[in-house]
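Trainee: FYI, the numbering for the sequence shown is -29 to -1, 1 to 598, going by mature numbering (1 follows the signal peptide of the UniProt record, and there is no 0).
Just so it is clear, CB atoms sit at the ideal spot from N, CA and C, and this is done for glycine as well.
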Amino acid sequence: MNRNTLFRKSLLSTAIVAVMQGYTPVVSAAPCENIEDGTLYIAAEETCDAVTSTAENPIENVIVEGVINGDVINDANQESGDIKNNGTLTDDWLHVAFSIVTGNVINTGVIGSDNNPVYDGIYVVYSDIGGDVRNDGTFFGGNEGVYILEADIGGNVENSGSITLYTEGEDYQGVGLFGIRGDEYTDISGSVINSGTITIAEKDSEEPSGISDVASGIFVGPYYEVYFDLIEEEPVFTSVEGDVINTGTINVTVEADIRGTVFGIGINGAEVAGRVGNIGTDSVINSTRTGILLAGLSEVGDIVNEGTINVTEAWEGIYLDFGIVNNDINNSGVITTTRGSGIGLDRSLVFGSIINSGEITARGGEWDAFNEYYIEGHGIYIGSAEYEDEIYGSEVGAIQNTGRITADDDGIHLGSDSSTGGITNTGTITAGGAAIRVYGGVEGTLRNSGNLLGGLIDPEGEDGERIAIDFSRAESALNLVQTDGLILGDIYGSRWGVPRIAIEPVTDTIEFAGGVMEGTIWNVEDIQVTGDFTLFGSVLGFDSVTTVTDSGTLRMTGNREFDGDLEVSGALALTINNATDAVTPLMDVSGEIVLNEGSQLLINPEADNYDASLEGISYLALQGDSL
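1) Tell me the DSSP secondary structure of residue 98 in three-state form.
2) Bridge partners for residue 482 per DSSP, in chain order?
3) When DSSP labels each residue in this structure, what does residue 598 get in the three-state scheme?
4) Count the other C-beta atoms from every protein chain shown that fall within 10 angstroms of the C-beta of residue 414, then say buried if there are 16 or more, exposed otherwise.
5) Note down, in chain order, each residue of its chain lying with its Cβ closer than 7 angstroms to the Cβ of residue 599, except the 5 sequence neighbours on either side.
6) Once you ignore the five residues that flank residue 397 on each side, which residues in its own chain have a CB closer than 6 angstroms to its CB?
7) Does the separation of the CB atoms of residue 407 and residue 383 fall below 8 angstroms?
8) Are the beta-carbon atoms belonging to residue 153 and residue 191 less than 8 angstroms from one another?
9) Nearest-angstrom Cα distance between residue 508 and residue 426?
10) Taking the CB atoms as reference points, tell me whether residue 93 and residue 136 lie closer together than 8 angstroms.
11) By the DSSP assignment, the beta strand (DSSP E) with residue 185 in it spans what residues?
12) Just the C-alpha distance for residue 578 and residue 585, rounded to the nearest angstrom, thanks.
13) Under the DSSP definition of a beta bridge, which residues are partnered with residue 291?
14) If you measure between the beta carbons of residue 326 and residue 289, is that distance less than 8 angstroms?
15) Who are the Cβ neighbours of residue 571 in its own chain at under 6 angstroms, not counting the five residues just before and after it?
16) Comparing alpha-carbon positions, which option in 307, 554, 124, 379 lies nearest residue 337?
17) What distance in whole Å lies between the Cβ atoms of residue 479 and residue 449, which are believed to be in contact at a cut-off of 8 angstroms?
18) Would you mind stating whether residue 486 and residue 514 have Cβ atoms separated by less than 8 angstroms?
19) Following the continuous beta strand (DSSP E) through residue 531, name the residue where it begins and the one where it ends.
20) With 16 other CB atoms within 10 Å as the buried threshold, where does residue 344 fall?
21) By the three-class DSSP mapping on this structure, what secondary structure does residue 593 have?
22) For residue 585, which of helix, strand or coil comes out of DSSP?
23) What is the rounded straight-line gap between the Cα of residue 259 and the Cα of residue 310?
24) Please report the Cβ distance between residue 189 and residue 215, rounded to the nearest whole angstrom; I am assuming they are in contact, meaning their Cβ atoms lie under 8 angstroms.
25) Should residue 275 and residue 294 be called a contact, given that it needs their Cβ atoms to be closer than 8 angstroms?
26) Straight-line CA distance for residue 385 to residue 593?
27) Report yes if the CB atom of residue 531 is closer than 8 angstroms to the CB atom of residue 566, and no otherwise.
28) What does the alpha-carbon distance come out to for the pair residue 212 and residue 122?
29) So the beta strand (DSSP E) residue 138 belongs to, where does it begin and stop?
30) Does DSSP classify residue 445 as helix, strand or coil?
31) Helix, strand or coil for residue 494 per DSSP?
32) So, at 7 angstroms on beta carbons, what are the nonlocal neighbours of residue 596 in its own chain, with the 5 sequence-adjacent residues on each side left out?
33) Name the DSSP beta bridge partners of residue 210, please?
34) Express the C-alpha separation of residue 528 and residue 500 in angstroms, rounding to a whole number.
35) Give me the Cα-Cα distance between residue 329 and residue 429, rounded to the nearest whole angstrom.
36) If you count every other CB in all the chains shown that lies within 10 Å of the CB of residue 569, and 16 or more means buried, which is it?
Below you can see the structure in the form of structure tokens.
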């Protein structure tokens, strides 16, 4: 029996509270007649097949500890009580339609079996439920574990038990597989929670899921076709007044070759007032595609990962497309991708911050052996996308990293037509590309007191040059403040960016109040050293002005070049070693050198790297256009 037949059957009565017959016929048992004081009770040792409740003798409570093989039909809305299955529904499913239930709809028993999965577990449509809709038991199915459509739920929708869904080959392509699903026109006053285990897997490896299958551990909102894009008509939002969270385990291992069709938690065309994501360090999402999806003009309070998100095939750990986050995206757990970014945004808004205090590991790679399309692996990606010939960018209040980001491509990538109020790093970013690359705009300051470890510009080359910060194509100026930590790689100012051809060009600025940099600074006009800072590199490109203030100390080793002017009011500490060329100036400045009163010029040999035989050799410390 297919789903459409079942659905038509449910419309035959004005009110149905039913355990609907599933796929296979069963031997008829005695009618369920054990109704007393409005309660239908099937004991553990009993088996029956059907019961009908009337207005004269309504069923207030349904408690199943035995086996029901048929239907429980209610022709009168419940005034009070719960609907419970504590037993076994071998070929049936718990179905509530066109009903008012002031209590709860609960399964604490078994629905279906591993060898005989039914279509849906708990199915609530066109009904008002005063309490919770909850699975505390075990369900084996081929579509949804808990399904809510056009219903008002007064409490929570929760799975604290086990939901296992299997694909069933080509005959079921496109039907979707959802552990918990809140469909359109649904209002949930509480939260949607998985505190148990949801598993969605291939039933038979010889009959894999079709490419149009959609699989999600938790899914809230309407589903249109196979991709979640902007809703064409006036949006009909599903609403959740609480959270949509996983505190247990979600495993979605089905395969599909369309982006956005497999994920752990999906929110599309929905409003969630609270949090969306993994709550608790033991929470786990394993998905072949995206871990958490926010799409279709959905609006949520926060997106949170306190546990583990593991994407085993492709795409992001957390992905937003036409999504709105009123507060923060916060990762304090672990996000790992195989081909894709850890956190990715396209045409989305985050009014608060993207915060990583955990660990993000993002890998890039080709889709598969038959598709050479490369999927970039950025730690955090903020980008834009086209819709109906218009480019929509993303906006983020701020980006903060206090944890660890490891990426095959860029650590933080801000794409064109997108912006953020500022970027702060106090953790460690290790990238195969740039640690931070900006094509869009940073309205505030880039602050670093951690480690920015850039990747090799030419991985196969021998020069070892790396790139740490790249603003070369940015839509705003570079405004960097470093107070501590290490920058490994070159820094590129916004020489070729949009502001350079604007009516009012901008000025790139860097303040070094501390820390170490190993690399070259390119095309930055204003550089100030206000603390104890060590530079293993040169300043090249634009005619820069490098200033060492009264409180600053600039430490350099070997022979270095400076394009522009140099003014020192503090200390200039130059170190010589075995590799230092005595003929070439230690600092070769193309412009003017100004040593103000009270400034210091210090030259010292490098400990453990200066041969005693070199003592007595004269070195040219400074050379400039004027001194």
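Mentor: According to the structure data:
1) As a working mapping, residue 98 is identified with position 127 in the sequence shown. Coil.
2) In the sequence shown, the residue the question calls residue 482 occupies position 511. 452, 499.
3) Within the sequence shown, residue 598 is the residue found at index 627, counting from 1. Residue 598 sits in coil when the DSSP states are folded into three classes, being neither helix nor strand.
4) As a position in the sequence shown, residue 414 is number 443, starting the count at 1. Counting C-beta atoms within 10 angstroms of its own C-beta, residue 414 has fewer than 16 neighbours from the protein chains shown and is therefore classed as exposed.
5) Any question about residue 599 goes unanswered here, given that the chain covers just -29 to 598.
6) Here the question's residue 397 lines up with position 426 in the sequence shown. 373, 420, 421.
7) Working through the sequence shown from its first residue, we reach residue 407 at position 436. Working through the sequence shown from its first residue, we reach residue 383 at position 412. The beta carbons of residue 407 and residue 383 sit closer together than 8 angstroms.
8) Within the sequence shown, the letter at position 182 stands for residue 153. Within the sequence shown, the letter at position 220 stands for residue 191. Yes, Cβ-Cβ distance for residue 153 and residue 191 is below 8 angstroms.
9) In the sequence shown, residue 508 corresponds to position 537, counting from 1. In the sequence shown, residue 426 corresponds to position 455, counting from 1. Answer to the nearest angstrom: the Cα atoms are 16 angstroms apart.
10) Taking the sequence shown and counting its residues from 1, one reaches residue 93 at position 122. Taking the sequence shown and counting its residues from 1, one reaches residue 136 at position 165. The answer is no: Cβ separation not under 8 angstroms.
11) For this step, residue 185 is matched to residue 214 along the sequence shown. Careful: residue 185 lies outside any beta strand (DSSP E) and carries neither H nor E.
12) To locate residue 578, count along the sequence shown from 1; it is residue 607. To locate residue 585, count along the sequence shown from 1; it is residue 614. Going from the Cα of residue 578 to the Cα of residue 585 covers about 13 angstroms.
13) The residue given as residue 291 occupies position 320 in the sequence shown. DSSP lists 265, 316 as partners of residue 291.
14) As a first step, residue 326 is located in the sequence shown; it is residue number 355 there, counting from the start. As a first step, residue 289 is located in the sequence shown; it is residue number 318 there, counting from the start. Taking 8 angstroms as the cut-off, the beta carbon of residue 326 is found no closer than this to the beta carbon of residue 289.
15) Translated into positions along the sequence shown, residue 571 becomes position 600. Correct list, in chain order: 542.
16) Taking the first residue of the sequence shown as 1, we reach residue 337 at position 366. Minimum Cα distance to residue 337 is reached at 379.
17) In the sequence shown, the residue the question calls residue 449 occupies position 478. In the sequence shown, the residue the question calls residue 479 occupies position 508. Between residue 449 and residue 479 the beta-carbon gap is near 4 angstroms, inside 8 angstroms, which marks them as a contact.
18) Locating residue 486 in the sequence shown gives position 515, where the first residue counts as 1. Locating residue 514 in the sequence shown gives position 543, where the first residue counts as 1. Result no, Cβ atoms of residue 486 and residue 514 do not sit closer than 8 angstroms.
19) The residue you call residue 531 lines up with position 560 of the sequence shown. Element bounds for residue 531: 531 to 539.
20) Residue mapping note: residue 344 aligns to position 373 of the sequence shown, counting from 1. For residue 344, the number of other beta carbons within 10 angstroms of its own is below 16, and it is reported as exposed.
21) For this step, residue 593 is matched to residue 622 along the sequence shown. Three-state result, residue 593: strand.
22) The count along the sequence shown starts at 1 and reaches residue 585 at position 614. Reduced to three states, the DSSP call for residue 585 is helix.
23) Within the sequence shown, numbered from 1, the residue matching residue 259 stands at position 288. Within the sequence shown, numbered from 1, the residue matching residue 310 stands at position 339. One C-alpha to the other measures close to 10 angstroms.
24) In the sequence shown, counting from the first residue as 1, residue 189 sits at position 218. In the sequence shown, counting from the first residue as 1, residue 215 sits at position 244. The beta carbons of residue 189 and residue 215 sit about 6 angstroms from each other, so the pair counts as a contact at 8 angstroms.
25) Stepping through the sequence shown from its first residue, residue 275 is reached at position 304. Stepping through the sequence shown from its first residue, residue 294 is reached at position 323. Taking 8 angstroms as the cut-off, the Cβ atoms of residue 275 and residue 294 do not count as close.
26) If you number the sequence shown from 1, residue 385 lands on position 414. If you number the sequence shown from 1, residue 593 lands on position 622. Between the alpha carbons of residue 385 and residue 593 lies a distance of about 39 angstroms.
27) Here the question's residue 531 lines up with position 560 in the sequence shown. Here the question's residue 566 lines up with position 595 in the sequence shown. Annotated as distal: residue 531 and residue 566, with beta-carbon spacing of 8 angstroms or more.
28) Within the sequence shown, residue 212 is the residue found at index 241, counting from 1. Within the sequence shown, residue 122 is the residue found at index 151, counting from 1. Distance from the CA atom of residue 212 to the CA atom of residue 122, rounded to whole angstroms, is 14 angstroms.
29) As a first step, residue 138 must be located in the sequence shown, where it is residue number 167. That residue, residue 138, is in no beta strand (DSSP E); it is neither H nor E in DSSP.
30) For this step, residue 445 is matched to residue 474 along the sequence shown. If DSSP states are grouped into helix, strand and coil, residue 445 belongs with coil.
31) In the sequence shown, the residue the question calls residue 494 occupies position 523. Looking at residue 494 - three-state DSSP - the assignment turns out to be coil, as it is neither helix nor strand.
32) If you number the sequence shown from 1, residue 596 lands on position 625. Excluding sequence positions up to five before and after residue 596, its CB lies within less than 7 angstroms of the CB of 561, 562, 563, all in the same chain and listed in chain order.
33) By one-based count along the sequence shown, residue 210 stands at place 239. Note: residue 210 sits in a beta bridge opposite 158, 242.
34) Looking up residue 500 in the sequence shown gives position 529. Looking up residue 528 in the sequence shown gives position 557. The C-alpha of residue 528 is placed about 16 angstroms away from the C-alpha of residue 500.
35) Numbered from its first residue, the sequence shown carries residue 329 at position 358. Numbered from its first residue, the sequence shown carries residue 429 at position 458. Each residue's Cα considered, the two are about 30 angstroms apart.
36) On the sequence shown, residue 569 is found 598 positions in, with the first residue counted as 1. Result: exposed.
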